[in-house]
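Order-wise, the sequence lines are chains A and B.
Residues in the first sequence are numbered from 0 upward in steps of one, following numbering that gives the first Met the number 0.
Residues in the second sequence are numbered from 0 upward in steps of one, following numbering that gives the first Met the number 0.
2 protein chains.
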Amino acid sequence: MSSLPVKYSLIKQCQFSGARLGTLETSHGRVDTPAFMPVGTQGTVKAITPGELETMGTGLILSNCYHLFLRPGVEVIARHGGLHRFSNWRGAILTDSGGFQIFSLGGMRKVSDDGVLFTSHIDGSAHFLTPERVARLQNIIASDIAMVLDQCSAYPAEKGAVKEAVERTTRWAARARQAHKNDRQALFAIVQGGVFDDLRQLSVAALVEIGFDGYAIGGLAVGEPKALMYKCLEHTVPQLPAGKVRYLMGVGSPDALLEGVRRGIDIFDSVLPTRIARNGRVMTAKGYLPIRNSIYAGDLSPLDPDCQCSVCRNYSRAYIRHLLNAGEILGLRLTTYHNLFYLDHLMKEIRLALQEERFENYYCKMNPKLTKFYGGVV
Amino acid sequence: MSSLPVKYSLIKQCQFSGARLGTLETSHGRVDTPAFMPVGTQGTVKAITPGELETMGTGLILSNCYHLFLRPGVEVIARHGGLHRFSNWRGAILTDSGGFQIFSLGGMRKVSDDGVLFTSHIDGSAHFLTPERVARLQNIIASDIAMVLDQCSAYPAEKGAVKEAVERTTRWAARARQAHKNDRQALFAIVQGGVFDDLRQLSVAALVEIGFDGYAIGGLAVGEPKALMYKCLEHTVPQLPAGKVRYLMGVGSPDALLEGVRRGIDIFDSVLPTRIARNGRVMTAKGYLPIRNSIYAGDLSPLDPDCQCSVCRNYSRAYIRHLLNAGEILGLRLTTYHNLFYLDHLMKEIRLALQEERFENYYCKMNPKLTKFYGGVV
Numbered sequence: 000m001s002s003l004p005v006k007y008s009l010i011k012q013c014q015f016s017g018a019r020l021g022t023l024e025t026s027h028g029r030v031d032t033p034a035f036m037p038v039g040t041q042g043t044v045k046a047i048t049p050g051e052l053e054t055m056g057t058g059l060i061l062s063n064c065y066h067l068f069l070r071p072g073v074e075v076i077a078r079h080g081g082l083h084r085f086s087n088w089r090g091a092i093l094t095d096s097g098g099f100q101i102f103s104l105g106g107m108r109k110v111s112d113d114g115v116l117f118t119s120h121i122d123g124s125a126h127f128l129t130p131e132r133v134a135r136l137q138n139i140i141a142s143d144i145a146m147v148l149d150q151c152s153a154y155p156a157e158k159g160a161v162k163e164a165v166e167r168t169t170r171w172a173a174r175a176r177q178a179h180k181n182d183r184q185a186l187f188a189i190v191q192g193g194v195f196d197d198l199r200q201l202s203v204a205a206l207v208e209i210g211f212d213g214y215a216i217g218g219l220a221v222g223e224p225k226a227l228m229y230k231c232l233e234h235t236v237p238q239l240p241a242g243k244v245r246y247l248m249g250v251g252s253p254d255a256l257l258e259g260v261r262r263g264i265d266i267f268d269s270v271l272p273t274r275i276a277r278n279g280r281v282m283t284a285k286g287y288l289p290i291r292n293s294i295y296a297g298d299l300s301p302l303d304p305d306c307q308c309s310v311c312r313n314y315s316r317a318y319i320r321h322l323l324n325a326g327e328i329l330g331l332r333l334t335t336y337h338n339l340f341y342l343d344h345l346m347k348e349i350r351l352a353l354q355e356e357r358f359e360n361y362y363c364k365m366n367p368k369l370t371k372f373y374g375g376v377v
Numbered sequence: 000m001s002s003l004p005v006k007y008s009l010i011k012q013c014q015f016s017g018a019r020l021g022t023l024e025t026s027h028g029r030v031d032t033p034a035f036m037p038v039g040t041q042g043t044v045k046a047i048t049p050g051e052l053e054t055m056g057t058g059l060i061l062s063n064c065y066h067l068f069l070r071p072g073v074e075v076i077a078r079h080g081g082l083h084r085f086s087n088w089r090g091a092i093l094t095d096s097g098g099f100q101i102f103s104l105g106g107m108r109k110v111s112d113d114g115v116l117f118t119s120h121i122d123g124s125a126h127f128l129t130p131e132r133v134a135r136l137q138n139i140i141a142s143d144i145a146m147v148l149d150q151c152s153a154y155p156a157e158k159g160a161v162k163e164a165v166e167r168t169t170r171w172a173a174r175a176r177q178a179h180k181n182d183r184q185a186l187f188a189i190v191q192g193g194v195f196d197d198l199r200q201l202s203v204a205a206l207v208e209i210g211f212d213g214y215a216i217g218g219l220a221v222g223e224p225k226a227l228m229y230k231c232l233e234h235t236v237p238q239l240p241a242g243k244v245r246y247l248m249g250v251g252s253p254d255a256l257l258e259g260v261r262r263g264i265d266i267f268d269s270v271l272p273t274r275i276a277r278n279g280r281v282m283t284a285k286g287y288l289p290i291r292n293s294i295y296a297g298d299l300s301p302l303d304p305d306c307q308c309s310v311c312r313n314y315s316r317a318y319i320r321h322l323l324n325a326g327e328i329l330g331l332r333l334t335t336y337h338n339l340f341y342l343d344h345l346m347k348e349i350r351l352a353l354q355e356e357r358f359e360n361y362y363c364k365m366n367p368k369l370t371k372f373y374g375g376v377v
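In structure tokens form, the structure reads like this:
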């Protein structure tokens, strides 16, 4: 392939760690990495417009094939010419296959080697998805990056079961690679293997052998201790090809973003910043702020005095608390915007530190704070 | 008073009707009239930011003293230096007293000449509000325009009861006038009298005798036929002083706005555009569009092909329907923005027609359409 649908360029590698600065070129713009992807499961980042994402500097968001397939269905997206025009988002889009969501359905699905039979969480209707169909659905959705259908193991899980999931994920990835037909869309594989180093190794080797435009690490951030996740990254990431982008799925906690970058991850996604925002938890330089707490009822200061976002420049804690307590939609908008801005700003700082070749210093300065404030289980 | 807190200037009067073009100068900017005020009951126009209101050209919004008194309480607003800084709104604010809300509580309140004892709709706590206290609360909230506490009659109501309400409203208005102490804040009276011409006349005469910075017509749009409301306006409005602004409370239906303007009304407010937006009803040049209807599932056209708002320029009906069906907050944002833009645009057209001395033509052209599309009870 002379013209790749997405092209990762490594700009600079930290000399003390796996951290790397790069860019990902897509047909919808360039994304500076390391980057955090806001999640727009159903074709919108919850409570936020595309224009607002642009003001934050977001270049890449995540959406979900499984959700869009069930509602509104891919036909209407196709009629718009793809998800970009359907949702009015000019930047790049990565669509997750929905493997994680389908395997989260528990008893509502039945897996065979052919594919997954499952029951819609919306209306109980039955659906059968195969690796081929998921690839073709994403071809139609026309995201910039499609993900293969994978089988995600829970944590903890028996090694035998995890091995089976790895092997099936490999077979499915090969079928997806064959079925994928969209020259402007990249296809990323998903490394599985739970917390078992040898299974991760097996998974990486098999997927790299098939060959993909990028590699995601799935099956982490599913309940295991963070230290175990970091150990697993240390083992797995160095096996991935340096010329391709590396994506750690489901991570959005500030401490874990920094640790992930240090271990060579380029992109991340998580519903964390947007979900907790709607529950009134905001991210600040001093950790989570439970803004609905009554101690903020008369507080004239911004959510985070160290933050330069438009919410922190214009609204007080007392006002935002009032909005959330009164059930006002604007409250959800403001906390969501702030949390996304906070993570985007963190990633900008990380990139700047990498650019200026002082990432390890930055890590040493930030890591104790982020671990103290965000290190616990969310 | 040499320097009035708000100053109404009549620019031009239609030679065929009561319609008039004017401006209302406030300490927070000039408002061109006739104008529609979006409602921000709890200190925010639901789902919308101040910046978005500015992009529409909104200069004056309504908030509610009763609601703000109960939550978050006026102390925290005072600490911010008033409602403008609390809510980050740079334009003008009119606060309703809450008379209408308190009288809507039904059995949960007890009226005496002294004031109203009522039970909070939020937590059941008991409160006693007097005309003086409501005036002082609004002094603290520091809106540009305060409204007197009034007694609003239901429709239909016995004439004797309406007469009592008129007399009490007059006595309360006089007490509010005495209690009101904020040189930068106007105080408007509220004309009551139901659909009884002689009682309306009585109410106007008594209130004008006391003297206020502007006059509202309350107790209409409470369930009476629209024709009866128009008849009542035809009788009442000409009795109001031409040098003061005239405000018809609770009207936001496009047909009624046009009819109200024609009868000499300068400002209007209603929750209609924002409330129906959240229920998936949008205003268009061809009437209400129930956007959640399945016929729009694959519709690539904008909400209103005749509308130039940012929602209609960027999003399809199919996408907005999907957002609402999927419970996405962005759907509520987009329908709300569009409906407010629609009414703001209607008022701009009305002002332009008045400016160019062709309002009666405009009325003759628009009235049949608006009556056909919006004439029914909402």
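All residues carry an ideal CB built from backbone N, CA and C; glycine is no exception.
Just so it is clear, the structure is predicted and the values come from calculations on it, not from any experiment.
Chain A contact residues for residue i, given Cβ-Cβ distances below 8 Å
i	result
Asn324 of chain B	Arg70 and Pro71
Ser86 of chain B	Tyr318
Thr48 of chain B	Leu329 and Arg332
Ala296 of chain B	Pro71 and Val75
Closest Cα partner of residue i within the set the options
i	options	result
Trp88 of chain A	A:His120, A:Arg357, A:Tyr214 and A:Ser142	A:Ser142
Arg320 of chain B	A:Ser86, A:Pro224, A:Leu128 and A:Asp113	A:Ser86
Glu166 of chain A	A:Gln191, A:Gly210 and A:Gly217	A:Gln191
Gly42 of chain B	B:Ile76, B:Arg19, B:Lys11 and B:Val30	B:Ile76
Arg277 of chain B	B:Val44, B:Leu3, B:Gly17 and B:Lys11	B:Val44
Pro4 of chain A	A:Val194, A:Leu52, A:Phe187 and A:Val260	A:Phe187
Tyr246 of chain B	B:Met36, B:His27 and B:Gly193	B:Met36
Asp268 of chain B	B:Val115, B:Met282, B:Ala255 and B:Val250	B:Val250
Arg291 of chain B	B:Cys306, B:Ser315, B:Ser309 and B:Asp265	B:Ser315
Arg174 of chain B	B:Thr334, B:Ser124, B:Leu271 and B:Met146	B:Met146
Val161 of chain A	A:Arg78, A:Met248, A:Leu198 and A:Lys180	A:Leu198
Ser293 of chain B	B:Tyr318, B:Leu369 and B:Ser309	B:Tyr318
Met248 of chain A	A:Lys158, A:Phe195, A:Asp343 and A:Thr94	A:Thr94
Within chain B, the residues that residue i reaches when beta carbons sit closer than 8 Å
i	result
His79 of chain A	Leu299, Ser315, Ala317 and Tyr318
Terminal residues of the alpha helix (DSSP H) in which residue i lies
i	result
Arg170 of chain A	Lys158 to Ala178
Gln137 of chain A	Pro130 to Ile140
Asn360 of chain A	Phe358 to Tyr373
Lys230 of chain B	Lys225 to Thr235
Met45 of chain B	Here the sequence assigns Lys to residue 45 of chain B, which means Met is not the residue at that position. No alpha helix (DSSP H) contains Lys45 of chain B, which DSSP labels as neither H nor E.
Tyr318 of chain B	Arg316 to Asn324
Where the beta strand (DSSP E) through residue i begins and ends
i	result
Val281 of chain A	Arg280 to Thr283
Leu288 of chain A	Gly286 to Pro289
Leu116 of chain B	Val115 to Thr118
Ala220 of chain B	Neither: Ala220 of chain B is in no beta strand (DSSP E) and is coded neither H nor E.
Ala296 of chain B	Here Ala296 of chain B belongs to no beta strand (DSSP E), and DSSP marks it neither H nor E.
Ser269 of chain A	Careful: Ser269 of chain A lies outside any beta strand (DSSP E) and carries neither H nor E.
Beta-carbon neighbours of residue i, restricted to chain A and to distances below 7 Å
i	result
Ser62 of chain B	None at all; the shortest Cβ gap to chain A is about 12 Å.
Ile384 of chain B	The question about residue 384 of chain B has no answer, for chain B in this structure spans 0 to 377.
C-beta neighbour in chain A for residue i, strict 9 Å
i	result
Thr334 of chain B	no
Ala160 of chain B	no
Ala175 of chain B	no
His321 of chain B	yes
One or two residues paired with residue i in a DSSP bridge
i	result
Asp95 of chain A	A:Asn63
Gly213 of chain B	B:Phe187 and B:Val244
Thr32 of chain A	A:Gly21
Ile101 of chain B	None, per the DSSP bridge assignment.
Tyr341 of chain B	Answer is none; Tyr341 of chain B lacks a bridge partner.
Gly58 of chain B	BP columns for Gly58 of chain B are empty, so no partner.
Lys109 of chain B	B:Leu116
Test: residue i CB closer than 9 Å to a CB of chain B
i	result
Val75 of chain A	yes
Thr381 of chain A	Past the edges of chain A, shown from 0 to 377, lies residue 381 of chain A, and the structure says nothing about it.
Ala284 of chain A	no
Val377 of chain A	Only weak support is given to the placement of Val377 of chain A: the predicted model assigns it a pLDDT of 45, under 50, and the value that follows is read from those uncertain coordinates. Taking Cβ atoms only, chain B never reaches closer than 9 Å to Val377 of chain A, which makes this a no.
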